[in-house]
Amino acid sequence: MIKVEHLTKRYGNHYAIEDLSFTVEEGKIYGLLGPNGAGKSTTMNIITGYISATSGTVTVDGYDILEEPSAARACIGYLPEIPPLYMDMTPREYLNFAGELKGMKKAARKEQIQRVMDRTGIAEMADRLIKHLSKGYKQRVGLAGALMGSPKVIILDEPTVGLDPAQVIGIRELIRDLGKTHTVILSSHILSEVQAVCDQVLIISGGHLTAQGTPEELSQRLSGKTALNLTALGSLEKVRAVVEGVEKIGGILEAHEENGETSLKVEIPSGQDLRAELSAALAGAGCPVTALATETLSLEDIFLQLTEGENAAGQQEEEPAAADQEQEEETKE
Amino acid sequence: MIAIYKRELKSFYGGMMGYLLDAFFILVGGLYFTAVNLQGGYSYFSYTLYNTCFVFLIFVPVLTMRSFAEERHNKTDQLLLTSPVSLGRIVMGKYLALMTVFVLPLAVLSVCPLLLRIGGEFSNLSNYSAIFGYFLLGAACIAIGMFVSSLTENQIIAVLGTFAILLLTYLMSGIRTLFTTGSSLALIVFTVLLLVISLLVGLNSKSLSLGCMVFVLGGAVLLALFKLKSAALTTAFSGLLGYLSIFDPFQNFVGDLFSITSIVYYLSVAGLFLFLTGQSLEKRRWN
Numbered sequence: 001m002i003k004v005e006h007l008t009k010r011y012g013n014h015y016a017i018e019d020l021s022f023t024v025e026e027g028k029i030y031g032l033l034g035p036n037g038a039g040k041s042t043t044m045n046i047i048t049g050y051i052s053a054t055s056g057t058v059t060v061d062g063y064d065i066l067e068e069p070s071a072a073r074a075c076i077g078y079l080p081e082i083p084p085l086y087m088d089m090t091p092r093e094y095l096n097f098a099g100e101l102k103g104m105k106k107a108a109r110k111e112q113i114q115r116v117m118d119r120t121g122i123a124e125m126a127d128r129l130i131k132h133l134s135k136g137y138k139q140r141v142g143l144a145g146a147l148m149g150s151p152k153v154i155i156l157d158e159p160t161v162g163l164d165p166a167q168v169i170g171i172r173e174l175i176r177d178l179g180k181t182h183t184v185i186l187s188s189h190i191l192s193e194v195q196a197v198c199d200q201v202l203i204i205s206g207g208h209l210t211a212q213g214t215p216e217e218l219s220q221r222l223s224g225k226t227a228l229n230l231t232a233l234g235s236l237e238k239v240r241a242v243v244e245g246v247e248k249i250g251g252i253l254e255a256h257e258e259n260g261e262t263s264l265k266v267e268i269p270s271g272q273d274l275r276a277e278l279s280a281a282l283a284g285a286g287c288p289v290t291a292l293a294t295e296t297l298s299l300e301d302i303f304l305q306l307t308e309g310e311n312a313a314g315q316q317e318e319e320p321a322a323a324d325q326e327q328e329e330e331t332k333e
Numbered sequence: 001m002i003a004i005y006k007r008e009l010k011s012f013y014g015g016m017m018g019y020l021l022d023a024f025f026i027l028v029g030g031l032y033f034t035a036v037n038l039q040g041g042y043s044y045f046s047y048t049l050y051n052t053c054f055v056f057l058i059f060v061p062v063l064t065m066r067s068f069a070e071e072r073h074n075k076t077d078q079l080l081l082t083s084p085v086s087l088g089r090i091v092m093g094k095y096l097a098l099m100t101v102f103v104l105p106l107a108v109l110s111v112c113p114l115l116l117r118i119g120g121e122f123s124n125l126s127n128y129s130a131i132f133g134y135f136l137l138g139a140a141c142i143a144i145g146m147f148v149s150s151l152t153e154n155q156i157i158a159v160l161g162t163f164a165i166l167l168l169t170y171l172m173s174g175i176r177t178l179f180t181t182g183s184s185l186a187l188i189v190f191t192v193l194l195l196v197i198s199l200l201v202g203l204n205s206k207s208l209s210l211g212c213m214v215f216v217l218g219g220a221v222l223l224a225l226f227k228l229k230s231a232a233l234t235t236a237f238s239g240l241l242g243y244l245s246i247f248d249p250f251q252n253f254v255g256d257l258f259s260i261t262s263i264v265y266y267l268s269v270a271g272l273f274l275f276l277t278g279q280s281l282e283k284r285r286w287n
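Sequences listed follow chains A and B, in order.
The working numbering numbers the first residue of the first sequence as 1 and each following residue consecutively.
The working numbering numbers the first residue of the second sequence as 1 and each following residue consecutively.
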């Protein structure tokens, strides 16, 4: 449906996105996930033809966005980050205008306006001025505008930002519903949202595509990276030597020593439980284990890992609820 | 295109703006018509029009300031530019709406020559050709205003910028007479112009040497002209200023006059600035 190849957008010396390639298949919901400033909006603006890429191509339903812009744009309904609403219009007038821009005939327009308004739940606001509507309703009117003309692809840039929790749930349900009849691409910096709504996740960081797959695949990818947090009495060198001597052990991710206690973060292969072997080996070497915990990385962790250095701290602040999936098992001897 | 035209018109006449502008236009036109034609006894309506040219200095900036600046400021340009409507049609839709807001009061004023006929025989042809010239003058000014509006997202800057440009061209015929003598001034002005052109060439081609070369070559030609034919330089300078004076060609419609050159001039100015508006919108995509 959409093919993005080697897309690069440069502002002066700064690359907003660099060599981005991905394919969007018909009938699925895609989530562009990444911290603020990762290049999500830029990517969407390029796909919709609002801005042009420095290099690379975008093909929508077989039409190149630069060579046949009108045909390509006709396939797309776009809701930008800030809904492009005319404040002096009513939702009905606005939807009529959006339909006219899409080249719809009058009768078809009238019929679809009603349908779209019912779907987005703005029918009771149809004849109020948009400037008097609340933010949530404005967002819905923008979304309704994107639906006019029944485009094959619907692109939503941060559709739930600034809405209250009930509205967020409403919009998410709507998006899932849309996914049954349209191809949807949405962007978000909130992982749980993407996890809840999308069939496919594209993680973007610093203008690069860092990971791609279904939410389950991504979770699996991280579960291949199970880690053990281990604390034992003894010097760093000694504990390290013993741990490295254990069979099947992966690399040591972190190590530090404090007051004669050594803490290690050890990577272990997925599906393996090496806790018994480790504690036995350490006890045998005279380094009693004081704490041992398995860490199963959640999608949130992968996300943070993949986008590390961007603004990991900011992400956790914004979405603390999603970070609660860490499972910790502690055994003390 | 029609959708954009209708929306634009609705935004003018949905609020006060359109009515205020049109009322202002008709008021000034009516006042001058009363003073010049009815009380002054002049038989040509074109005198009234000629005397009300200054109306464009206020009417056009206020009319055009919103067109693209407001869209950009409210981010509604994202809706237009990502719709299947081509850029040329967007520009034309807006332009035609602005022209409509201008033509409506002009149509009201078109009744004035008929009123004159009550008092005697007057040439309808010359009066209506003058109105046609006035229409073209407005068309050119509105294209300029729309272009300025497409450069910025701030309506204040758009209104002031358009006003400054129109004021300059309004005063240009006066400014021009100041520079009839002395070709050294012409040399300086042309040199500055050349410097700007070479800078643009250099920046666009990203080549310092090319920009320098253009400047050196152009400078040599200018100097040669200055030494050999300094009078030609002064004439060229005066001619250049003449082209910038948008209100002057309208004089060719006053009285019993009619001028194809002026028509071509106004249509070219309007066409050029409509094209530039499209280019400035296109350029935004690339930055």
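Where a beta carbon is used, it is the ideal one built from N, C-alpha and C, also for glycine.
This one's a predicted model, so the numbers in the text were calculated from it and none came from an experiment.
Buried versus exposed call for B/C141 [16 or more other C-beta atoms within 10 Å across all chains shown]: buried
CB contact below 8 Å: A/G39 versus chain B: Under the 8 Å criterion on CB atoms, A/G39 is classed as non-interfacial with respect to chain B.
Min CB distance B/P249 to chain A below 8 Å: no
Same chain, Cβ closer than 7 Å to A/I249, neighbours up to 5 away in sequence not counted: Counting only Cβ-Cβ distances below 7 Å, and skipping sequence neighbours, we find V243, V266, I268, L274.
Chain A contact for B/G15 (CB, 8 Å cutoff): Chain A contact via Cβ: present.
Helix, strand or coil at A/I169 according to DSSP, with G and I counted as helix: Note: A/I169 maps to helix in three-state DSSP.
Minimum C-alpha distance to A/L129 - residue among A/K110, A/L85, A/L101: It is A/L85 whose Cα lies nearest to the Cα of A/L129.
Proximal residues, the segment 77-104 of chain B versus chain A, C-beta separation under 8 Å: D77, Q78, L79, L80, L81, T82, S83, P84, V85, S86
Close-in-space but distant-in-sequence residues of the same chain around A/H335 (CB under 8 Å, 5 per side omitted): In the structure as shown, chain A begins at 1 and stops at 333. Residue 335 of chain A is therefore absent and cannot be evaluated.
Between the CA atoms of A/E254 and A/G56 - distance to the nearest angstrom: C-alpha separation (whole angstroms): 40 Å.
Beta-carbon contacts of B/M92 that lie in its chain and below 7 Å, excluding the five residues immediately before and after: M1
Straight-line Cα distance separating A/N36 from A/E173: 24 Å
B/L171, buried or exposed, once every other Cβ within 10 Å from all chains shown has been counted against 16: Exposed.
Nearest-angstrom Cβ-Cβ length linking B/D22 and B/P105, presumed shorter than 8 Å: 4 Å
For A/T120, the first and last residue of its enclosing alpha helix (DSSP H): In the DSSP annotation of this structure, the continuous segment of the alpha helix (DSSP H) that includes A/T120 starts and ends at 106-120.
Enclosing alpha helix (DSSP H) for B/A164 [first to last residue]: 155-178
Exposure label - A/A312; buried when at least 16 CB within 10 Å: Confidence in A/A312 is poor, its pLDDT being 39 and thus under 50, which makes the residue's placement too unreliable to answer from.
Three-state secondary structure assigned by DSSP to A/Y63: strand
Within chain A, partners of B/K283 - CB distance below 7 Å: In chain order: nothing, as chain A lies at least about 10 Å away.
Anticipated Cβ contact below 8 Å, A/F22 with A/L209, distance rounded: 6 Å
Nonlocal neighbours in the same chain, by C-beta distance under 7 Å from B/A69, ignoring five residues either side: Contacts found: S149, T152, E153, N154, Q155, A158.
Exposure of A/H189, with buried meaning 16 or more beta-carbon neighbours within 10 Å: buried
Assigned secondary structure, B/Q288 (DSSP; H/G/I helix, E/B strand, else coil): Look at the range of chain B in this structure, 1 to 287, and you will see that residue 288 of chain B is not part of it.
Beta-bridge pairing of A/L233 - partner residues as DSSP gives them: A/E261
CB contact check: B/R7 to chain A, cutoff 8 Å: yes
Ordered list of alpha helix (DSSP H) runs contained in the segment 8-61 of chain B, each at least 4 residues: 17-32, 45-51
DSSP state of A/N311 mapped onto helix, strand, coil: Reliability of the predicted coordinates at A/N311 is poor, the pLDDT of 44 falling under 50, and no value is obtained from them.
Chain B within 8 Å of A/T120, Cβ atoms only: no
CB of A/D157 within 8 Å of CB of A/E81, strictly: yes
Alpha-carbon spacing of B/K206 relative to A/S192, whole angstroms: 47 Å
Contact the segment 140-152 of chain A vs the segment 88-108 of chain A: 3+ CB pairs below 8 Å: yes
Beta carbon proximity, A/K102 to chain B, threshold 8 Å: yes
Classification of A/H182 by the beta-carbon crowding that lies within 10 angstroms, buried from 16 upward: buried
Local conformation of A/Y86 per DSSP, three classes: coil
Same chain only: Cβ atoms within 6 Å of B/G18, ignoring 5 sequence neighbours per side: F12, V101
Opening and closing residue of the beta strand (DSSP E) in which A/E5 lies: 2-11
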